[in-house]
Amino acid sequence: MADADCTCAVACEKTQEECQQNAQWYLFVATSMVILFGGGFLIFCMQILYDKWNQISRRMFPNHYDRDKLDEVELHNKLRHYIVNEVISLQTNKGMVLAILYFLFNVISVTLYINQSDQPLEQCVQVLDTCNWTLYADIGLNVFFLFHFLLRLIAAPNRLKFWFQMGSIVDFCTIPPCALALILERNWLGMRFMRALRFMQMGEILMTFNSTGTSIVQLLVLMLDFVSVWLFAAGFVHLVENSGDPWKPNSARTDNFTYFDSVWLTMVTMSTVGYGDVYPTTGIGRSFMMVFIVCGLAMFATYTPYLYEFYRSRSPYAGRYERADSKKYVVVCGHITYNNVKSFLADFLHPDRGDRTSRVLFLDNKRPEPELTGLIKRYFLSVQYFEGSALNHNDLRRVQLEHSDAVILLCNKDSDDTKSEDAATILRAISVKNYCSKARLIMQLLNYKSKSFLQTIPNWDPINYRDENICISEFMYGLVAQSCLCPGFSTLMINLISTRSYIPGTNENLDWKSDYAYGCDHEIYTVMISSDFNGMTFPEAAEICYKQLNLLMIAVENFDNSGLAINPLPDQFTIRKECLGYFIASSYKDVCRARFYCALCLNEGIEIGFKPCKCRLEAAVPQLSTVPAAKKKRSNVQLIPLSEHKSPNNNETGLTRVGSVDSKSSTATDINQLRTVRHLFSQHSTKSTSVDRGTLTGAGMSSTFDPTGNYHWSPEKKFEDVDLAGYITKEYQYKPDDAEAINQRVVIKYINEKDHELNNHIVICAFGDDKTPISGLSSLIKPLRASNLPYKKLKVVLLLAEKDFLLKAWKELRHFPKIRVLCGSALDRSKLKRAFINRASMVVILSNYGKRMAYKDPFLLDKEPILACLNLPQVAGKSENSKPVEFIAELVNDSNVHFLDQDNEDEPDIELHLTMKFAQGSCITATALDTLMSEAYYNDEVMTLVRALIAGANVPEYDAEDEEHSGPLQVPANALCGSQCRVIRIKAEEPSLSEHIKGKAYKDVFVELLQKFNLLCLGLHRAIDWHEEISVEHKRFVYINPPGETKIVASDYLYVIVQTSKLQPPTEVMLNKIRDTMLRKGSTPEQPDSKLTRQNKVDTESGKQEMLPIDESSSSLAV
């Protein structure tokens, strides 16, 4: 048997040698070429004959031709339609399976070719030899390729064009040689490498699947094209080098030139490297390489940039967030820049927040800039960045937004178009709510008018989901307005809502900086207070917290729908169980002592710690996190009206209790009656100059309030009536011959008659034209006209700006009382002199909101406010008797603060809150309000308190005020009640208080003012050189909650919270009188006839209205 096998093997070797000597490769090539060109010529002739036959048949047998032709066309169309739409279409399952099989079989065919490439090109085979499995595999593959070719041929609309396509040429070069191999019993590898060109079809399959990203599909298509051309070129070189030139016998290479050598040769040639270790020797091979060098180089140079762009576009921030633990995280979207992120993270991830800090996931549609990348790496344990858009639900799914604790939307505060920026923010909010309706939203808005769109956001719910909106213009200009009434208020509030650390021992060479940093370490915190405070009044509880716990309590809130009470009077508020306390402290850990306060342990000399004591361990007060969401956040939480509390001297039962809209005590009838009252008041105010909505009794003068009851209101005034220049020109008739004398008389007349108005007034200097946004100006005037300010104490507000800007702004300001305008610029010293800034109580310098994005240098954004501030001392004068002009400037760039004071001692690149001008309260920036986002997330209850102190009134969730202020609005029933308190600044040398303040320790002053005058001290406004005999009055700093041992000096000012006068709700007697009056006129309370009321005057005796009383003496001290 062994001898027989050896004999067979020798015979086979002889047979292979004879096959190689008698090569018949030309037959395989000729067969493919004959079928290609012969078939093409045959199709061309058949199309010509077919067209000629149709023309002849149409002329000879028109009727018979049309019928037979119609049947033939219909049958052909049905078959073709079935193959195109069902069999080979990639839109059907059959077509998709067929395309995938076709691609896989091409890959298998090329693999078999590479496997057999180390054998001779032409071999003799036995058809019935079962051991030659590669032959049968190749035959089976080509049968499938032939079937696929016929399907495509039938479906082709132009068969001649299809015949010469690349796919058809590949089939002609591979299928006929396989069939001829069975006839000749010779296997020729030949042109089977051309199957590599069909790899390009995979791109169509991927595009149809659309299962991957577009960039990945493009990369795969490019790679498949490159590999197809590469393998095709390598196969051609391998064929011609091993076959030799046909015109040169024995020109084939004798060395072992493998397919891998061809692949290596084509790659180094295409990449222009060209090592020279492998090269073609035949004429055809060298000719092909000359063409391939040009084509391959062009292809390599074309595809390389695409590959580089793909890898460059593959962002490292395109991943998916994986929750490794149960720690909470927030998603921050919107305007993500280095400055925004730096200020946000500094407060959000402050160490004082302890274990309450959450992770931060930033989602933005662009890659972070290098500075931002470095900042993210600095906080790499708590911060991650993802590239994506909040408008794309796939990107929201990547950050697992549905599991996030909150979504924070930041806006571009430097935008020229505030409405467009707010629209983008609201659109992001809608996208977030559409993706996850229960997501908690905290968003920034620029324009206060954009708050009306909050109602369009689906599932916007401040009660259940604790959604919050922060209007930058309202908060910033509210701070500026309160600073006009109480200098330094902006610094006081910003430091209280910002989280900063104080390191004892720093800045020892400058005492004021050390004291100022000590005050900056205090923030506002909330915590459920101990049950040992039950039954106490607010002054009693505040005194215990200050003296025994070293905590400053400023407000309380009982969860019985009574609302938030800020420094309430003893007869107004009594602490009950489950009471939330608002404290000013240096850390949340210190505030927890109020939760674990135990009077028994304190009497025994045991210090109150940060954990429940043993005697009260079982009855420990539940933590704040256990409070239901409905109690923790209420969109209609209102400040407690004085009328809602029974006092010993007032037990009237005729007053209607006014609560929130959701309160059970409020009914639809009460609300309708209140709307009727407001509507009647608004009608009478337009007919008479006397005041009908509210009266300041005891002052001898009256004041009208707007429909919400939050602001003072006046009938519409024309711009010419409040223009100072226009008012002067009405006094005299100018004569051309005596213009100079007349001008001099006008100035003298103005000074003599209008001097009393422009004294202790407020000057607001704005920059812009008719295209400049004015969204913040109304927010600045409203707190200055809050209803908790008596009308006689309203200061005249003088607006100094260009006329085009003033005319545009006047549409929103025409209903506010005591407003004057002066056309001009704050850069003009003559205009500043005419505005009498030397007698003004405060000068406000606003930034220019127009064309902010046009400046490439950010330092130039504040050039107008800076120059205006430098003008103020020059206009006021520097005499000994001249008073320094107090001002507050709005800046865009924090770094520009050093320009405001040429004599400053601040270090370069110092943080804004540590500069002299900010510590004094003379500048404010929008970036300082970024801390509100953190405060709204960690301590959303504080936002109600902050809004009440800043706005001076109840700021509604949706701004329902119309431009005309002409009728009643749908607002909560207790909206007529303004804020019950405000922050004021009193001097230590105040005659009525000097004996209680001057020379005493701060802790003694705190307790005495709280007990005797119900004044709650917050801190000091102290001169920087307070220890010297002669202090610089205009250089002060805000000193929040100083240590109790601090001595009060004569130059100090105290910040205190004081109760103010306020509106009272209407009585039932008053409602009955108004109802009877309207019925006599033919109107009903539900639908008052406004037209009839405007036409007829109310009789002063029979139709006299009962005025809403204002108790101006509600404060213990008239300030």
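Heads up: the sequence shown begins at 67 in this note's numbering, then just goes up one per residue.
Glycine included, every Cβ here is placed at the ideal spot set by N, Cα and C.
This structure is a prediction, so every number in the text was calculated from the model and none was measured.
Unbroken alpha helix (DSSP H) runs of length 4 or more, entirely within the region 421-498: which are they?
Counting only runs of 4 or more, we get 436-444 and 459-464.
Out of Ile114, Gly106 and Ala318, which has the shortest C-alpha to C-alpha gap to Pro186?
As a working mapping, residue 186 is identified with position 120 in the sequence shown. Selected option, being the one with the closest Cα: Ala318.
Is Leu957 closer than 8 Å to Thr991 when the C-beta atoms are compared?
In the sequence shown, the residue the question calls residue 991 occupies position 925. In the sequence shown, the residue the question calls residue 957 occupies position 891. The answer is yes: Cβ separation under 8 Å.
Could you tell me the distance, in whole angstroms, from the CA atom of Asn513 to the CA atom of Phe541?
Reading the sequence shown from its first residue, position 447 is the one you call residue 513. Reading the sequence shown from its first residue, position 475 is the one you call residue 541. Whole-angstrom Cα-Cα distance: 11 Å.
Would you call Ala495 buried or exposed, if buried means 16 or more other Cβ atoms sit within 10 Å of its Cβ?
For the purposes of this step, residue 495 is identified with residue 429 of the sequence shown, where counting begins at 1. It counts as buried.
What are the residues that DSSP puts in a beta bridge with Arg1088?
What you label residue 1088 is simply residue 1022 of the sequence shown in a count that begins at 1. Arg1088 is bridged to Phe1103.
For a test of the three-state rule: what should DSSP assign to Lys80, helix, strand or coil?
If you number the sequence shown from 1, residue 80 lands on position 14. Because Lys80 sits at a pLDDT of 48, beneath the cut-off of 50, its placement in the model cannot be relied upon, and the following sentence gives the value as read from the coordinates. Lys80: helix per DSSP, three-state reduction.
Among residues of its own chain, excluding the 5 on either side of Ser988, which ones have a beta-carbon nearer than 7 Å to its beta-carbon?
On the sequence shown, residue 988 is found 922 positions in, with the first residue counted as 1. These residues qualify, in order along the chain: Phe953, Ile954, Ala955 and Leu966.
Do the CB positions of Asp59 and Ala665 come within less than 8 Å of each other?
It is not possible to answer for residue 59, since the shown part of the chain is limited to 67 through 1185.
Among residues of its own chain, excluding the 5 on either side of Leu285, which ones have a beta-carbon nearer than 7 Å to its beta-carbon?
The residue given as residue 285 occupies position 219 in the sequence shown. The answer, listed in chain order, is Phe376.
Could you name the residues of the same chain whose beta carbon sits closer than 6 Å to that of Glu623, not counting the 5 residues immediately before and after it, in chain order?
Here residue 623 refers to the residue found at position 557 when the sequence shown is read from its first residue. Same-chain partners within the cutoff: Leu630 and Leu646.
For the 8 Å Cβ check, are there 3 or more pairs between the region 91-109 and the region 240-259?
Yes, the region 91-109 touches the region 240-259.
Which ranges would you report for the beta strand (DSSP E) in the region 373-412 if only whole runs of at least 3 residues count?
For the region 373-412, whole beta strand (DSSP E) runs of length 3 or above, ordered along the chain, are 395-400.
Going by other Cβ atoms of all chains shown within 10 Å of its Cβ, with 16 needed for buried, is Gln940 buried or exposed?
Position 874 of the sequence shown, counted from the first residue, corresponds to residue 940. Flag for Gln940 reads exposed.
Report the CB separation of Leu562 from His588 in whole angstroms; it is logged as a contact under 8 Å.
Translated into positions along the sequence shown, residue 562 becomes position 496. Translated into positions along the sequence shown, residue 588 becomes position 522. 7 Å between Cβ atoms; contact.
Helix, strand or coil for Ala927? Go by DSSP, reduced to three states.
Locating residue 927 in the sequence shown gives position 861, where the first residue counts as 1. The question names Ala, but residue 927 is Leu in the sequence shown. It is helical.
Ser896: which of Pro849, Arg506, Leu938 and Asp482 sits nearest, CA to CA?
Looking up residue 896 in the sequence shown gives position 830. Minimum Cα distance to Ser896 is reached at Leu938.
By DSSP, does Met594 sit in helix, in strand, or in coil?
Along the sequence shown, one-based indexing puts residue 594 at 528. Of the three classes helix, strand and coil, the one that applies to Met594 here is strand, per DSSP.
In this structure, what does DSSP give as the bridge partners for Arg886?
The count along the sequence shown starts at 1 and reaches residue 886 at position 820. Answer is Leu864.
Ala892 lies in the alpha helix (DSSP H); which residues open and close that run?
Here residue 892 refers to the residue found at position 826 of the sequence shown. Run containing Ala892: none; DSSP gives neither H nor E here.
Can you tell me which of the three DSSP states Thr991 falls into?
The residue labelled residue 991 in the question sits at position 925 within the sequence shown. In this structure, Thr991 counts as strand in the three-state DSSP scheme.
Expressed to the nearest angstrom, what Euclidean distance is found between the alpha-carbon atoms of Leu493 and Glu453?
In the sequence shown, residue 493 corresponds to position 427, counting from 1. In the sequence shown, residue 453 corresponds to position 387, counting from 1. Using only the alpha carbons, I get a separation of about 18 Å.
Using the C-alpha atoms, what's the distance from Val788 back to Arg1051?
Within the sequence shown, the letter at position 985 stands for residue 1051. Within the sequence shown, the letter at position 722 stands for residue 788. If I take the Cα positions, the gap works out to 30 Å.
Report the three-state DSSP secondary structure of Asp418 (helix, strand or coil).
Here residue 418 corresponds to residue number 352 of the sequence shown, with the count starting at 1. Correct three-state label for Asp418: helix.
Are the beta-carbon atoms belonging to Ser424 and Asp471 less than 8 Å from one another?
As a first step, residue 424 must be located in the sequence shown, where it is residue number 358. As a first step, residue 471 must be located in the sequence shown, where it is residue number 405. Yes, they are a contact pair.
For Gln189, is the classification buried or exposed, using 16 other Cβ atoms within 10 angstroms of its Cβ as the cut-off for buried?
Here residue 189 refers to the residue found at position 123 when the sequence shown is read from its first residue. The residue is buried, with at least 16 neighbouring Cβ atoms inside 10 Å.
Quickly, what does DSSP pair Cys239 with across the bridge? List them, please.
One-based indexing of the sequence shown puts residue 239 at position 173. None, per the DSSP bridge assignment.
For Thr321 and Thr348, I'd like the C-alpha separation in whole angstroms.
Stepping through the sequence shown from its first residue, residue 321 is reached at position 255. Stepping through the sequence shown from its first residue, residue 348 is reached at position 282. For clarity, residue 321 is Asp in the given sequence; the question names Thr instead. C-alpha separation (whole angstroms): 13 Å.
Quick check: what's the CA-CA separation for Ile590 versus Ala651?
If you number the sequence shown from 1, residue 590 lands on position 524. If you number the sequence shown from 1, residue 651 lands on position 585. Going from the Cα of Ile590 to the Cα of Ala651 covers about 7 Å.
Checking 8 Å against the spacing of the C-beta atoms, do Met260 and Cys239 come in under that value?
Against the sequence shown, residue 260 aligns to sequence position 194. Against the sequence shown, residue 239 aligns to sequence position 173. Yes, the Cβ-Cβ distance between Met260 and Cys239 is below 8 Å.
Figure out for me which residue from Arg225, Gly233 and Leu617 has the closest Cα to the Cα of Leu1082.
Here residue 1082 corresponds to residue number 1016 of the sequence shown, with the count starting at 1. Of Arg225, Gly233 and Leu617, the residue nearest in Cα terms is Leu617.
On a Cα-Cα basis, can you pick out the residue from Arg264, Lys874, Glu823 and Leu855 that is closest to Ala832?
Numbered from its first residue, the sequence shown carries residue 832 at position 766. If we check each option's Cα against that of Ala832, Lys874 comes out closest.
Taking the beta carbon of Ala221 as the centre, do at least 16 other beta carbons fall within 10 Å, making it buried, or is it exposed?
Locating residue 221 in the sequence shown gives position 155, counting from the first residue. The residue is buried, with at least 16 neighbouring Cβ atoms inside 10 Å.
Do you know offhand how far Lys144's Cα is from Leu164's?
As a working note, residue 144 is residue 78 in the sequence shown. As a working note, residue 164 is residue 98 in the sequence shown. In a straight line, the C-alpha of Lys144 is about 20 Å away from that of Leu164.
Can you look up His1093 in the DSSP assignment and give me helix, strand or coil?
The sequence position of residue 1093 within the sequence shown is 1027, counting from 1. Three-state result, His1093: coil.
Determine whether the beta carbon atoms of Ser328 and Ala300 lie at a separation below 8 Å.
Numbered from its first residue, the sequence shown carries residue 328 at position 262. Numbered from its first residue, the sequence shown carries residue 300 at position 234. Yes, the Cβ-Cβ distance between Ser328 and Ala300 is below 8 Å.
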